[in-house]
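Inspection log for the structure reproduced underneath, given as structure tokens.
Protein chains: 2
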Amino acid sequence: MRPYLSFVTLGVSDLAASRSFYGKVLGLKPMHDEEGVAMYRLNGVVLSLFPQHELMKDAHVKDDARGARFSLAHNLGSEAEVDTFFAHLKKHKVTITKMPEKVFWGGYSGYFADPDGHLWEVAYNPFLEMDRDGNVVGMKQG
Amino acid sequence: MRPYLSFVTLGVSDLAASRSFYGKVLGLKPMHDEEGVAMYRLNGVVLSLFPQHELMKDAHVKDDARGARFSLAHNLGSEAEVDTFFAHLKKHKVTITKMPEKVFWGGYSGYFADPDGHLWEVAYNPFLEMDRDGNVVGMKQG
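If you want it as structure tokens, here you go:
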């Protein structure tokens, strides 16, 4: 994996309360804000707030599984690159919670767990604009 | 808070196993590696592996508290900036798990929790080299 991180997604219990906290108390301005998710672009990494049950559903992980309450994401440039990444993980017998598949938001995404169950999403997102160092620079309208 | 993230620290149960996973399976090269911690510089953000019990001790949080198994960090340029940040948090009645104090590694650090108990460290680290956008670019020898 090239050394970059695309997203840190926090599973939240009350999106309105979290949006208010990150927006009003910490003063972050959303890059993207819709009914079910709020995203703040930090230095090349997006901080994303997403309901906990949706995050667990997306990762194909039971909500009570080992206390998983967030995910890190590594975004790649195509579906084929995502498949290559998962082939590598399989070869190393890494725990894969979700094999990559087309997802509702228009991308292609799978999840694996590190030795402690920390979740990583590996995804292709056709709307995400990244620079050559892997920094997220923006998002096209879907 | 200016929109940048300095560290993502994962609490791990077996540092050697995690180091092997991130180094050998995912192919990341450490920026800093010592007995009790491993750090990998990603795009301007450091991914840090730290024993879970040490992380909870550092944050003044009980190990079983709400499943906290990671922290995000926002690094600032001086102890005074950290104090100003915590004064702001106090004014907004944010849950502070640890008021900033001088810590063993030579810095000055405190922790707060977001509405779901996700931990944020706010710290001054005299060894950390950052650019003006908040990207971590390196670490001086301590």
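Those sequence lines, one after another, are chains H and V.
For reference, each letter of the first sequence is one residue, going 1 to 142 in our numbering.
For reference, each letter of the second sequence is one residue, going 1 to 142 in our numbering.
The beta carbon of each residue, even a glycine, is placed where N, CA and C say it ideally should be.
Keep in mind that this is a model prediction, so the values were computed, not measured.
Taking one beta carbon from each stretch, the stretch 80-97 of chain V and the stretch 103-118 of chain H have fewer than 3 pairs nearer than 8 Å; the two do not touch. Beta-carbon to beta-carbon, Leu76(H) and Tyr124(H) are separated by about 6 Å, close enough to satisfy the 8 Å threshold. Within 9 Å of the CB of Leu10(H), the CB atoms of chain V belong to Leu72, Asp114, Asp116 and His118, in sequence order along the chain. Annotation: Met56(V) is outside any beta strand (DSSP E); the continuous alpha helix (DSSP H) that includes it extends over Gln52 to Ala59. Taken through DSSP and simplified to helix, strand or coil, Asp14(H) comes out as coil. Taken atom to atom, the span from the alpha-carbon of Glu79(V) to that of Val103(H) is near 45 Å. Between the alpha carbons of Met99(H) and Gln141(H) lies a distance of about 26 Å. Here the C-alpha atom of Pro30(H) lies approximately 29 Å from the C-alpha atom of Thr97(H). In terms of Cβ geometry, Pro115(H) and Ala17(V) form a close pair [threshold 7 Å]. When only Cα atoms are considered, His74(V) and Val46(V) end up about 11 Å apart.
C-alpha of Tyr22(V) to C-alpha of Leu28(V): approximately 6 Å in a straight line.
Counting only the Cα atoms, Leu42(H) lies some 10 Å from Gly44(V).
Look at Tyr22(V) here: in three-state DSSP terms it is helix. Apart from the 5 residues on each side of it in sequence, Gln52(H) sits with its Cβ closer than 8 Å to the Cβ of Gly11, Val12, Ser13, Asp63 and Arg69 in its chain, given in chain order. Residue range Leu128 to Met130 is occupied by the beta strand (DSSP E) that includes Glu129(H).
The continuous alpha helix (DSSP H) containing Lys90(H) extends over residues Glu79 to Lys91. Here the alpha carbons of Phe50(H) and Val25(H) stand approximately 18 Å from one another.
According to the DSSP assignment, Val45(H) belongs to no beta strand (DSSP E), since it is labelled neither H nor E. Judged by DSSP in its simplified three-state form, Glu35(V) adopts coil rather than helix or strand.
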